[in-house]
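Novice: Numbering-wise, the numbering used here comes out as the position in the sequence shown, counting from 1, plus 1475. In this text, a Cβ means the ideal position worked out from N, Cα and C, and glycines have one as well. Okay, handing you the structure first.
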Amino acid sequence: MMDSLETPSTRPYLIRALYEWCTDNGFTPFIAVQVDESVRVPMEFVKDGEIVLNVSFDATSALKLGNEFIEFKGRFGGVARDIMVPVVRVLAIYARENGQGMAFPVSPLLPVAVDRSNLAVEKISPPALTSVDVSLAEGGEGPPPTKPTVRPALTRIK
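What follows is the structure in structure tokens.
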């Protein structure tokens, strides 16, 4: 019997399902990504630590929606770039046309370090946390949040 630490994340499966829903219905799938050192994207398009990527068939080449990483080749300002996003850094996937999709909580996991030569993944020391919202659903018990929780803003990059 698996415990919660051994259970695989549902995030990559939900991303693939929503990607399929978008493409089946003629929508353009976008992903919002929390950028850190483990994310390989054009840094000049990152704003406030986030980037929004068009992952449609027309905008990507060699798209792989894996359990650990989302990888593809995309064009930014006419220049082809290799993109690699750890699935734990995906904040949302949604349809550009109507905004329908799913947002994910910011992963409380340790940051991921990526050896780009063979894409090996290893955990690194966590940064010092200044505050954590550990409150439960309304009516539940738990300490009050130290600061208001803010949802990430989705910005479209053309």
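For glutamate 1543 versus isoleucine 1558, is the C-beta distance shorter than 8 Å?
Specialist: The answer is no: Cβ separation not under 8 Å.
Novice: Within a Cβ cutoff of 7 Å, which residues of the same chain sit near alanine 1555, ignoring the five residues on either side of it in sequence?
Specialist: Lys1548, listed in sequence order.
Novice: When the Cβ atoms of the stretch 1510 to 1522 are set against those of the stretch 1563 to 1577, are three or more pairs found closer than 8 Å?
Specialist: In short, these stretches touch, since the Cβ pair count reaches three.
Novice: Does arginine 1491 come out as helix, strand or coil in the three-state DSSP assignment?
Specialist: Residue state, collapsed to three classes: helix.
Novice: Who are asparagine 1529's beta bridge partners in DSSP?
Specialist: DSSP output for asparagine 1529 lists Phe1505 as bridge partner(s).
Novice: Answer with buried or exposed for tyrosine 1494, where buried requires no fewer than 16 other C-beta atoms within 10 angstroms of its C-beta.
Specialist: By the 10 Å Cβ count, tyrosine 1494 comes out buried.
Novice: Where does the unbroken beta strand (DSSP E) through glutamate 1546 begin, and where does it stop?
Specialist: Start and end: 1544 to 1551.
Novice: Kindly indicate the opening and closing residues of the beta strand (DSSP E) around isoleucine 1539.
Specialist: Note that residue 1539 corresponds to lysine in the displayed sequence, not to isoleucine. Run containing lysine 1539: 1535 to 1540, per the beta strand (DSSP E) assignment.
Novice: When you compare the CB positions of valine 1560 and valine 1514, do they come within less than 8 Å of one another, or not?
Specialist: Yes, the Cβ-Cβ distance between valine 1560 and valine 1514 is below 8 Å.
Novice: What whole-angstrom Cβ distance do leucine 1538 and isoleucine 1506 have, given they're in contact under 8 Å?
Specialist: Between isoleucine 1506 and leucine 1538 the Cβ distance is about 11 Å, and since that is not below 8 Å, they are no contact.
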